[in-house]
Amino acid sequence: MKKEKTKSHFVGVRLTEEQKKALSKLEKTSDLSKTDILLRGLELLSEYYSLGLDRPPLNVELKKLEEEAMHHFQELKRIKRREESVREMVQELRDIDKIIDEYNGDKSALIQILLKIQAKNHWLPKPALMWVSERLDIPMSQILNVATFYKAFSLDPQGEHLVRVCLGTACHVRGGPKILDAAEQFLGVESGETTSDLKFTLESVNCIGCCALGPVMVVDDEYHGKLDSSKVGEILSNYRMKDMDRSEDKRKALPIRHEMRRGQSG
Amino acid sequence: MKKLQSASDVEKLRKELLRKQDSSKSCISVCSGTGCHAYGCEKVVSAFENELKKQKLEGKVEIKRTGCHGFCEKGPIVVIYPEEICYLQVKIEDIPDIVSQTIKAGKTIDRLLYTDLKTGKKVVHESEIPFYKNQTRLIFGNNRKIESKSIDDYIALGGYNALVKAFSEITPEKVLEEIKKANLRGRGGGGFPAGIKWESVRNAPGEPKYVIVNCDEGDPGAYMDRSLMEGNPHSVIEGLIIGAYAIGSHEGYIYVRQEYPLAVENTELAIKQAEEYGLLGKDILGSGFDFTIKIHRGAGAFVSGESSALMSAIEGKVGEPRPKYIHTSEKGLWDKPTCLNNVETWANVPFIINKGADWFGNMGTDNSKGTKIFSLVGNVNNTGLVEVPMGITLREIIYDIGGGIPNGKKFKAVQTGGPSGGCIPEIQLDLPVDFDELNKVGSMMGSGGMIVMDEDTCMVDIARYFVKFLSEESCGKCTPCREGLRHMLRILDDITAGKATEKDIKLLEEISEVVKEAPLCALGTTAPNPVLSTLKYFRDEYEAHLQGECPAKVCKELIQYRIDPEKCKGCGLCLKKCPTGAISGEKKGVHTIDVEKCIKCGACFEVCNFDAVSKISSKERK
Chain A
1 MKKEKTKSHF VGVRLTEEQK KALSKLEKTS DLSKTDILLR GLELLSEYYS
51 LGLDRPPLNV ELKKLEEEAM HHFQELKRIK RREESVREMV QELRDIDKII
101 DEYNGDKSAL IQILLKIQAK NHWLPKPALM WVSERLDIPM SQILNVATFY
151 KAFSLDPQGE HLVRVCLGTA CHVRGGPKIL DAAEQFLGVE SGETTSDLKF
201 TLESVNCIGC CALGPVMVVD DEYHGKLDSS KVGEILSNYR MKDMDRSEDK
251 RKALPIRHEM RRGQSG
Chain B
267 MKKLQSASDV EKLRKELLRK QDSSKSCISV CSGTGCHAYG CEKVVSAFEN
317 ELKKQKLEGK VEIKRTGCHG FCEKGPIVVI YPEEICYLQV KIEDIPDIVS
367 QTIKAGKTID RLLYTDLKTG KKVVHESEIP FYKNQTRLIF GNNRKIESKS
417 IDDYIALGGY NALVKAFSEI TPEKVLEEIK KANLRGRGGG GFPAGIKWES
467 VRNAPGEPKY VIVNCDEGDP GAYMDRSLME GNPHSVIEGL IIGAYAIGSH
517 EGYIYVRQEY PLAVENTELA IKQAEEYGLL GKDILGSGFD FTIKIHRGAG
567 AFVSGESSAL MSAIEGKVGE PRPKYIHTSE KGLWDKPTCL NNVETWANVP
617 FIINKGADWF GNMGTDNSKG TKIFSLVGNV NNTGLVEVPM GITLREIIYD
667 IGGGIPNGKK FKAVQTGGPS GGCIPEIQLD LPVDFDELNK VGSMMGSGGM
717 IVMDEDTCMV DIARYFVKFL SEESCGKCTP CREGLRHMLR ILDDITAGKA
767 TEKDIKLLEE ISEVVKEAPL CALGTTAPNP VLSTLKYFRD EYEAHLQGEC
817 PAKVCKELIQ YRIDPEKCKG CGLCLKKCPT GAISGEKKGV HTIDVEKCIK
867 CGACFEVCNF DAVSKISSKE RK
């Protein structure tokens with residue numbers, strides 16, 4: 001839709017002078033947004049429509065109106081999301097500031113600071129590292145040197161659940177490698193990788209100090225000891241089920257939004 | 267919390283704490299070490315709390331979450347005091363019975379007691395269980411008596427008494443003298459005399475001086491430092507303060523792996539408590555001595571446990587070792603004189619100061635005094651942490667304390683010293699365990715991992731496992747370690763795949779000799795130990811692999827799974843478990859494995875209830 005046309009048209013409908021005045025008055029005086037006005041109009045029209053006054057032009061107008069409403073709705077959502085992500089990024093950097101302040105900006109606390117960032121995000125995002133570099137006045141190369149040297153750090157996003165299979169000696173002689181094989185089989189990723197749905201990250205570790213329970217698999221903070229490979233799939237699918245239950249609950253808890261229903265009906 | 271101003275304040279506090287304790291009051295002590303935690307001891311504790319409420323005993327019975335008791339095999343462990351009734355493998359369902367029968371009526375519950383493997387008799391008291399009876403639990407003994415988060419429990423048991431003694435009765439020089447006389451050797455692996463290290467730090471020019479606790483227990487198969495740090499952090503802190511006093515240091519660090527979250531938590535809390543009591547900070551107990559401790563969480567690198575690497579890590583850098591033409595005792599952390607000792611070494615200090623060097627010298631062998639904690643793990647009946655006097659034989663540890671090998675299997679080897687150690691065969695089982703004897707047979711004390719292996723363990727696979735571990739953990743600074751280990755691994759891979767020849771073994775030995783000599787740090791120089799010791803004692807296994815056979819039937823490339831048609835009942839369990847659909851067969855008919863599809867995961871072998879699935883050598887099949 002071209003710009004000049006929108007002056008005399010409201011979402012594709014030609015407006016009379018009176019209508020134009022009414023519309024601008026409405027926009028100025030009420031705190032309704034353009035989308036709200038549109039949706040109101042849409043509601044009125046659909047009532048009109050349901051009364052059996054369906055002439056073809058009205059139908060077309062209605063369709064256009066709905067499309068426009070959808071378009072605005074999507075655009076607003078996009079802007080909101082963009083705002084949110086900027087806000088989130090700022091918040092993230094503020095959180096990092098807090099962590100750095102805990103250590104009084106001490107350069108030697110770099111590892112401790114990175115550990116805290118890692119614990120919070122499950123990985124080290126690049127903007128975070130750049131910010132740490134800026135605040136501590138340590139070159140980025142040195143920070144990456146540290147971040148890639150230690151095993152606790154990850155430069156890629158990690159899955160929601162961290163699955164660690166112990167391959168310490170005690171677990172090794174009790175069949176740890178078979179547990180890892182079974183976990184790799186079940187998740188369809190190799191050790192060190194994350195599933196494409198970002199649900200699980202699989203890792204092997206060299207001893208978590210639970211040798212008496214070997215072979216051991218740790219999912220998040222839950223220990224599963226004295227395992228055999230046939231139980232692995234069951235344990236991991238339990239986590240997946242639990243997550244599904246939770247997200248279903250969430251969906252039920254959310255009220256169905258008016259705009260959404262309208263948007264979908266067209 | 268009131269600050270303690272002087273030595274007599276500590277004594278006063280202890281008397282008050284002891285007066286408050288009612289020895290007739292029942293106390294349920296629940297092991298909350300990591301092992302028992304994994305078994306679900308937290309649920310046991312809350313079940314006890316609910317049950318006590320239900321049976322109207324609230325407040326009349328105390329519940330303690332203690333550190334690791336050591337007998338991890340049988341967790342969760344519950345001990346009821348004052349009778350010291352020890353219940354093992356306690357489940358939530360058992361708790362109403364324990365409260366109504368044992369706490370209320372004073373009766374023991376047979377099914378929860380330990381059953382002696384040999385005599386079949388029930389054992390009531392914790393200290394009479396053979397696993398504990400044959401130990402000397404000096405450092406580790408207090409773990410089960412105190413709540414790991416309570417400084418008061420530690421003080422009531424006589425904690426910080428050694429510190430008081432050091433401050434009020436003897437000079438720093440005398441403390442140093444006592445440690446030297448006791449010949450306390452570093453428990454972290456090297457076995458360097460702690461007293462001599464302390465002295466050289468004390469005499470080294472430069473201020474400030476630093477003291478460090480090394481709790482970067484990276485050795486796979488060892489977890490005694492973790493259990494001490496989690497269960498009784500104050501004993502380590504007390505030792506550290508005494509050491510700092512003797513050395514003249516005012517700043518200390520505790521380096522803990524972040525993989526040990528509970529150890530980090532309990533240590534942080536312990537430091538806070540000690541600060542509140544005035545046992546850390548300025549003018550401790552009116553002695554004029556200042557000392558503070560910081561925690562540094564290690565971010566996961568095996569090589570960072572090496573002294574100079576650990577110090578770079580504390581400085582916030584990559585934890586790589588550096589050349590030690592100048593010792594860390596002269597130029598360590600921030601190029602200042604630094605004394606680094608292992609957790610267990612520091613925990614020994616209060617005992618030596620309290621009871622004297624002569625008493626300490628009564629335990630152990632000529633050159634290795636005192637006790638050592640080992641983590642007895644792998645294929646052994648009673649896995650757990652054991653503390654024994656130096657000089658005890660491997661056989662005593664594995665058979666008398668460990669209860670031998672499970673499932674009637676035969677003993678093959680015991681691996682000590684972590685990845686830097688070696689495998690010790692059956693003929694050496696009567697070897698007295700101390701620093702020097704273990705070195706003689708090509709292994710080492712290390713931090714005290716003791717991994718028992720039965721006949722189903724392939725020694726070539728074990729050697730490969732350690733070399734793989736070390737090649738991944740090598741920081742890459744020294745070429746012989748970085749490249750040498752990589753080549754060793756490649757040869758070992760070939761051997762376990764049946765693709766090697768006699769020439770490869772020779773090359774393996776040659777590379778080992780170079781790697782032993784050239785690198786900067788002990789990660790590299792000890793790396794060939796697992797290979798050389800298995801070559802020495804189990805050469806026949808290497809040779810069998812050259813012929814395409816894995817005697818223990820472990821190496822995947824050299825084995826196949828087969829279902830015995832005579833034994834198969836056609837239950838279909840293996841068919842259900844097979845991840846690749848390699849097994850076919852009718853219900854109640856004989857099943858078969860399609861060799862092409864089989865990935866040798868062993869799932870069928872594990873689930874079969876009729877022993878119908880067996881491993882055979884690939885050669886046999888052909």
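So the protein lines, in turn, are chains A and B. Every letter in the first sequence is one number past the one before it in this note's numbering, and letter 141, counting from 1, is 141. Here this note's numbering = 1-based position in the second sequence + 266. The C-beta atom is built at its ideal place from N, Cα and C for all residues, glycine as well. Since this is a predicted model, take the numbers as computed values, not measurements.
* Any non-hydrogen atom of the ligand ADP closer than 7 angstroms to residue 440 of chain B Cβ -> This structure simply doesn't include the ligand ADP, nor any ligand for that matter.
* To do: Could you tell me the distance, in whole angstroms, from the CA atom of residue 655 of chain B to the CA atom of residue 712 of chain B?
  => 16 angstroms
* In angstroms, rounded to a whole number, what distance separates the CA positions of residue 215 of chain B and residue 851 of chain B? -> Lying outside 267 to 888, the shown extent of chain B, residue 215 of chain B is not represented and no answer is given.
* For residue 900 of chain B, go through chain A and note every residue whose CB falls closer than 8 angstroms to its CB, in chain order. => The requested residue 900 of chain B is not part of the displayed model; chain B covers only 267 to 888.
* Contact check, residue 566 of chain B vs residue 539 of chain B, beta carbons under 8 angstroms -> no
* To do: Whole angstroms is fine: what's the gap from residue 133 of chain A's alpha carbon to residue 97 of chain A's?
  => 12 angstroms
* Alpha carbon to alpha carbon, how far is residue 776 of chain B from residue 181 of chain A? -> 33 angstroms
* Contact check, residue 723 of chain B vs residue 173 of chain A under 8 angstroms by CB: the rounded distance? -> 5 angstroms
* Beta-carbon spacing of residue 803 of chain B, residue 866 of chain B below 8 angstroms -> no
* **Proximity below 8 angstroms, CB of residue 123 of chain A to CB of residue 158 of chain A** => yes
* To do: Determine, using beta-carbon pairs with one atom in the segment 106–114 of chain A and one in the segment 540–551 of chain B, whether at least three such pairs fall under 8 angstroms.
  => no
* Inter-stretch contact at 8 angstroms, needing at least 3 Cβ pairs: the segment 319–333 of chain B / the segment 474–484 of chain B -> no
* Using 8 angstroms as the limit for Cβ to Cβ distance, is residue 645 of chain B near chain A? -> yes
* At least 3 beta-carbon pairs within less than 8 angstroms: the segment 783–793 of chain B vs the segment 574–592 of chain B -> yes
* 8 angstroms contact criterion, which residue 232 of chain A and residue 200 of chain A should meet: CB distance rounded -> Between residue 200 of chain A and residue 232 of chain A the Cβ distance is about 12 angstroms, and since that is not below 8 angstroms, they are no contact.
* Asked: For residue 496 of chain B, which option in B:707, B:836, B:297, B:884 has the closest C-alpha, if you only look at C-alpha atoms?
  -> B:297
* Asked: What residue range is occupied by the uninterrupted alpha helix (DSSP H) comprising residue 172 of chain A?
  -> 169–173
* To do: Express the C-alpha separation of residue 694 of chain B and residue 682 of chain B in angstroms, rounding to a whole number.
  => 13 angstroms
* Those residues which DSSP pairs with residue 330 of chain B across a bridge -> B:295
* Classification of residue 623 of chain B by the beta-carbon crowding that lies within 10 angstroms, buried from 16 upward -> buried
* Asked: If we ignore side chains and look at the alpha-carbon of each, how far apart do residue 779 of chain B and residue 178 of chain A end up?
  -> 33 angstroms
* Return the residues of the segment 708–739 of chain B that lie within a Cβ-Cβ distance of less than 9 angstroms from chain A, sorted by chain order. => 715, 717, 718, 719, 720, 722, 723, 727, 728, 731, 732, 735, 738, 739
* Less than 8 angstroms between the CB atoms is what I'm expecting for residue 500 of chain B and residue 564 of chain B, so what's the real figure, rounded? => Not confirmed; about 21 angstroms, so no contact.
* State the Cα-Cα distance for the pair residue 352 of chain B and residue 517 of chain B, rounded to the nearest angstrom. => 42 angstroms
* May I ask which residues mark the beginning and end of the alpha helix (DSSP H) holding residue 533 of chain B? => 527–542
* Asked: Unbroken beta strand (DSSP E) runs of length 3 or more, entirely within the segment 677–728 of chain B: which are they?
  -> 677–682, 688–691, 715–720
* To do: Spell out whether any CB of chain B is found under 8 angstroms from the CB atom of residue 149 of chain A.
  => yes
* Asked: Hey, is residue 69 of chain A's beta-carbon within less than 8 angstroms of any beta-carbon in chain B?
  -> no
* In whole angstroms, what is the alpha-carbon distance linking residue 361 of chain B and residue 100 of chain A? -> 47 angstroms
* What is the DSSP secondary structure of residue 645 of chain B, reduced to helix, strand or coil? -> coil
* Looking at the unbroken beta strand (DSSP E) that takes in residue 414 of chain B, where does it start and where does it end? -> Element bounds for residue 414 of chain B: n/a, residue is neither H nor E.
* How would you label residue 244 of chain A, buried or exposed, when you count the other beta carbons within 10 angstroms and need 16 or more for buried? -> exposed
* Contacts of residue 161 of chain A in chain B (Cβ-Cβ under 9 angstroms) -> What residue 161 of chain A touches in chain B: nothing, since even the nearest Cβ is about 17 angstroms away.
* Asked: Nearest to residue 463 of chain B by alpha carbon, out of B:596, B:729, B:349, B:716?
  -> B:596
* To do: Give the straight-line distance between the Cα atoms of residue 606 of chain B and residue 293 of chain B, rounded to the nearest whole angstrom.
  => 38 angstroms
* Is the segment 454–472 of chain B touching the segment 376–391 of chain B, taking contact as three or more C-beta pairs under 8 angstroms? -> no
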